[in-house]
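Inspection log for the structure reproduced underneath, given as structure tokens.
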Amino acid sequence: MHIHYLQHVDFEGPGYIEQWAKDQGHLLSGTKLYDKEPLPDLQEIDLLVVMGGPMGVSDEEQHPWLKEEKAYISRAIAMDKRVLGICLGAQLLAHVLGAEVARAPHTEIGWFPATLENTHPLLADLPESFVAFHWHGDMFDIPKGALHIFKSEGCPHQGFIYRDQVVGFQFHFETTPESLSALLASDNVDDYQETYVQSSEQIRKTHHCLQLNSYLSDILTRLTE
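Take the sequence shown: its letters are residues 1 to 225, numbered as in full-length UniProt numbering.
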């Protein structure tokens with residue numbers, strides 16, 4: 001199976017997805033959009049993964065490649081490709097599916113519970129509530145025809161599944177200690193004074209990467225069956 005990811009900034013790569021693909025014997029490739037790398041032929045891809053980033057879905061003036069990326073994602077969905085969006089990636093999926101993306105009620109940065117809103121076969125055996133890693137200020141509405149799957153205290157829309165094979169997560173299942181350090185190096189979270197923003201010390205001390213990665217492994221395995 002060929003898995004291809006779209007990367008928006010150098011500090012938000014595929015994280016645990018890279019290790020999972022290697023363990024499963026899948027081919028993994030990526031496009032660094034910020035380096036103006038070309039997008040591959042969608043016919044060659046089985047699963048498209050759209051990663052996160054600090055920009056917004058409408059920031060085409062600052063990031064002109066967003067326009068081409070949105071069209072690419074739309075084609076992938078129209079071709080019935082399996083698509084996974086994470087954080088900004090989920091917002092882009094929602095956007096191309098016609099849903100609004102706007103500021104969330106709260107900025108969320110750190111380790112906070114996520115709650116299952118509706119179940120789905122892709123989420124089999126996932127607990128009703130678990131601690132997830134969050135890093136976002138925007139939020140998507142749930143696209144028409146999609147299943148609302150997660151919420152949190154700070155953000156009512158944390159995930160959706162569309163047509164059983166297009167999946168969006170606002171939080172980060174893929175976080176590893178290495179990707180966590182890269183994110184913390186990208187922004188000074190200690191300057192934030194908000195309810196759902198933890199200090200850098202809190203974020204470093206308390207993490208649930210292995211458990212989140214285990215959940216993601218199960219989800220990816222079902223998504224690629």
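Don't be surprised by glycine CBs; every beta carbon is placed ideally from N, CA and C.
Find out if the Cβ-Cβ distance for the pair Ala132, Phe112 is shorter than 8 Å.
yes
Find the nearest neighbour of Ser152 within the set Ala76, Glu108, Ile45 and Gln43, judged by alpha-carbon distance.
Glu108
Output yes if chain B places a C-beta closer than 8 Å to the C-beta of Leu123; else output no.
Here chain B cannot be found, since the structure has a single protein chain.
Looking only at its own chain, which residues have a Cβ that is under 8 Å from the Cβ of Ile142, when we skip the five neighbours before and after it?
Ala94, Ala99, His148, His157 and Phe160
Determine whether the beta carbon atoms of Asp41 and His2 lie at a separation below 8 Å.
no
On the three-state DSSP scale, how would you describe Ala78?
Ala78: helix per DSSP, three-state reduction.
Taking the continuous alpha helix (DSSP H) assigned at Lys205, which residues delimit it?
Ser200 to Lys205
Taking only the alpha-carbon atoms, compute the straight-line gap between Gln170 and Leu88 and give it to the nearest angstrom.
7 Å
Return the chain-ordered list of same chain residues with a C-beta closer than 6 Å to the C-beta of Leu184, the five sequence neighbours on each side being excluded.
Ser200
Label Ser179 either buried or exposed according to how many other C-beta atoms from any shown protein chain fall within 10 Å of its C-beta, with 16 as the threshold for buried.
buried
Just to confirm the assignment: which complete alpha helix (DSSP H) runs, minimum length 4, are found wholly within the UniProt domain "Glutamine amidotransferase" (42-180)?
65-78 and 88-96
Considering only their Cβ atoms, is the gap separating Glu174 from Gly15 smaller than 8 Å?
yes
Compute the minimum distance between the beta carbon of Ser179 and the heavy atoms of the ligand COA, and state whether it is under 7 Å.
You won't find the ligand COA in this model; it holds no ligand whatsoever.
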